[in-house]
Amino acid sequence: MADAAYDYRPVPEADVEEFRRLVTYAFRPTERPDPLDSEDDLPAPARIGARRGIYEGEELLCTGRHYWFTHRIRGERHAVGGVSAVSTPPKNRRRGLVRRLLAESLAEYRERDHDVASLWPFEYEFYRTFGWATASRTGEARFAPDALDFLDALDAAGRFVDLDADRWADCEAVYRAATDHALSMYRTEEWWRKRVFAGWEDDPYVAGWERDGDLRGYLVYDIDDGDDGRVMTVSEWWGVDTEARLELLRFCRYHDSQVGRVTLHGPVDPTLQDLVRDPEAVTVEVNPGAMVRLVDVERALSALAYPTDAEVTVRLAVEDPLAEWNRGRFHLDVRDGRATCERVTAGADAAAGEGADATLSVGALSQLAVGYRSAGDLARHGRLDADESTVAALETALPREETFLAERF
Numbered sequence: 591m592a593d594a595a596y597d598y599r600p601v602p603e604a605d606v607e608e609f610r611r612l613v614t615y616a617f618r619p620t621e622r623p624d625p626l627d628s629e630d631d632l633p634a635p636a637r638i639g640a641r642r643g644i645y646e647g648e649e650l651l652c653t654g655r656h657y658w659f660t661h662r663i664r665g666e667r668h669a670v671g672g673v674s675a676v677s678t679p680p681k682n683r684r685r686g687l688v689r690r691l692l693a694e695s696l697a698e699y700r701e702r703d704h705d706v707a708s709l710w711p712f713e714y715e716f717y718r719t720f721g722w723a724t725a726s727r728t729g730e731a732r733f734a735p736d737a738l739d740f741l742d743a744l745d746a747a748g749r750f751v752d753l754d755a756d757r758w759a760d761c762e763a764v765y766r767a768a769t770d771h772a773l774s775m776y777r778t779e780e781w782w783r784k785r786v787f788a789g790w791e792d793d794p795y796v797a798g799w800e801r802d803g804d805l806r807g808y809l810v811y812d813i814d815d816g817d818d819g820r821v822m823t824v825s826e827w828w829g830v831d832t833e834a835r836l837e838l839l840r841f842c843r844y845h846d847s848q849v850g851r852v853t854l855h856g857p858v859d860p861t862l863q864d865l866v867r868d869p870e871a872v873t874v875e876v877n878p879g880a881m882v883r884l885v886d887v888e889r890a891l892s893a894l895a896y897p898t899d900a901e902v903t904v905r906l907a908v909e910d911p912l913a914e915w916n917r918g919r920f921h922l923d924v925r926d927g928r929a930t931c932e933r934v935t936a937g938a939d940a941a942a943g944e945g946a947d948a949t950l951s952v953g954a955l956s957q958l959a960v961g962y963r964s965a966g967d968l969a970r971h972g973r974l975d976a977d978e979s980t981v982a983a984l985e986t987a988l989p990r991e992e993t994f995l996a997e998r999f
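Under the numbering used here, read the sequence shown as residues 591 to 999, first letter to last.
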């Protein structure tokens, strides 16, 4: 039962500075931000999203920020709630405040018809205890600009241009054409202006490659001093085809007199090692990415698109540590590319698995729903308890897809 002394509510403008102080102390405790004259003094990225807090009276005890996103899931647009800036100062910890904030956040997402929630965790295990699960991997390629000297033999085409925020729609068109990954975001103008073209301290560089006057690719990058000299860090780079991607790499190559290293962030892709003369000159690192969870199992599974040839009926027993409405047995019926999902029995006892074809946590079900893991993979690693025929049926209904969530928040 929720503690009546605590109140979950929007953070008013009068408390924005306290909100900022708590978040800064949680994630960057060595910094002491200057006082604000007004909310407009905040960096552009901090002016997006809806601030929420757990209050005791008028005291802000715990913070959170919500984003109202649209993502590609199973080939269609779905409303996704983004969770960020979750913080509690040490004096208020061990009181269940984060649990309360997350539970209230899910209830708000459910009320707003956002049936999936995403976040970037400070610690994966921490959010796993609340039902979130990893749903994406990110790749990082590191190399010296000279490693790209194979590009010198290719004829240069088109031209490189500097881009500003007024070109956001052109960049969005490139981004949508370049990625068909599950979980990719349909970015708004506000996101482009305040989160891509603007930074927390300094704005990044944004450059594009045009051919015949059309923007075909772009990259967002910073240049900073590293331990071994300057580093060009490319936070995202997208090209509509192979030619565009090679030209963006050529742009990095042309920085050989300014930087000693280039770091590219993006989907996991070791292809660059096959293009360069020396594969060992490119280091590719794979890291866990964003986490997701279903906000409402019944509604989320009913809203997904399914393979048109899938005819599957399965009884799922689901355990959810945070959302009572997701706890129990669900009847999933898939026909003609759509599905109905109905909770037939509620409660922890129903979630234990008796009378169900498959038993799994809401985190595992979330990974299955968005395509990050297959039913077979979950079963092999003890995250799904089901017989072979049920596993095969779930693989037919919810096949694995390539996922990538690029946007950090």
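Even glycine gets a Cβ: it sits at the ideal position worked out from N, Cα and C.
This structure is a prediction, so every number in the text was calculated from the model and none was measured.
- For V887, the uninterrupted alpha helix (DSSP H) run begins and ends at 887–893, by DSSP.
- DSSP, reduced to helix, strand and coil, places G953 within a helical segment of the structure shown.
- Approximately 6 angstroms separates the beta-carbon atoms of V904 and T980; this is inside 8 angstroms, confirming the contact.
- Ranking Y699, Y776, H771 by CA distance to the CA of A763 puts Y776 first.
- In the structure shown, Y844 adopts coil according to DSSP, grouped into three states.
- The shortest CA-to-CA distance from A759 to any of F787, H921, P679, P680 is the one to F787.
- Within a 10 Å sphere around the beta-carbon of S628 sit fewer than 16 other beta-carbons, which makes this residue exposed.
- Measuring C-alpha to C-alpha distances from D868 to each of V902, A737, E978, L988 identifies A737 as the nearest.
- Contact check for A965 and L984: beta-carbon distance about 4 angstroms, within the 8 angstroms limit, so the pair qualifies.
- In this model, S825 and D947 are separated by some 43 angstroms (Cα to Cα).
- Taking 9 angstroms as the cut-off, the Cβ atoms of D752 and Y811 do not count as close.
- Looking at the DSSP output, A948 sits in a beta bridge with L906, A976.
- Per DSSP, reduced to three states, the secondary structure at F716 is helical.
- In summary, L626 is exposed, with fewer than 16 beta-carbon neighbours lying within 10 Å of its beta-carbon over all protein chains present.
- Between the C-alpha atoms of V902 and L651 there is a straight-line separation of about 47 angstroms.
- Boundaries of the alpha helix (DSSP H) around Y765: 758–768.
- One thing to note: A723 has its Cβ within 9 angstroms of the Cβ of Y962.
- Cβ atoms of G654 and V673 come within 8 angstroms of each other, at about 6 angstroms.
- The shortest C-alpha to C-alpha distance from Q957 to any of P633, I663, R641 is the one to I663.
- Under DSSP, A707 takes part in a beta bridge, and its partners are G671, R883.
- Under the DSSP definition of a beta bridge, R801 partners with D804.
- At the C-beta level, G807 and L773 stay beyond 9 angstroms of one another.
- Cα atoms of D756 and E791: separation of roughly 20 angstroms, rounded to the nearest angstrom.
- The alpha-carbon separation between Y714 and P878 amounts to approximately 9 angstroms.
- Taking the C-beta atoms as reference points, A675 is found nearer than 9 angstroms to G639.
- If only uninterrupted beta strand (DSSP E) runs of at least 3 residues are considered, those enclosed by the segment 716–746 are 727–733.
- Contact between L862 and V872 holds: CB atoms are separated by about 5 angstroms, below the 8 angstroms threshold.
- Shown here for G748: same chain residues with a beta carbon closer than 8 angstroms to its own, the five before and five after excluded, namely W799, E800, R801, D802, R806, E837 in chain order.
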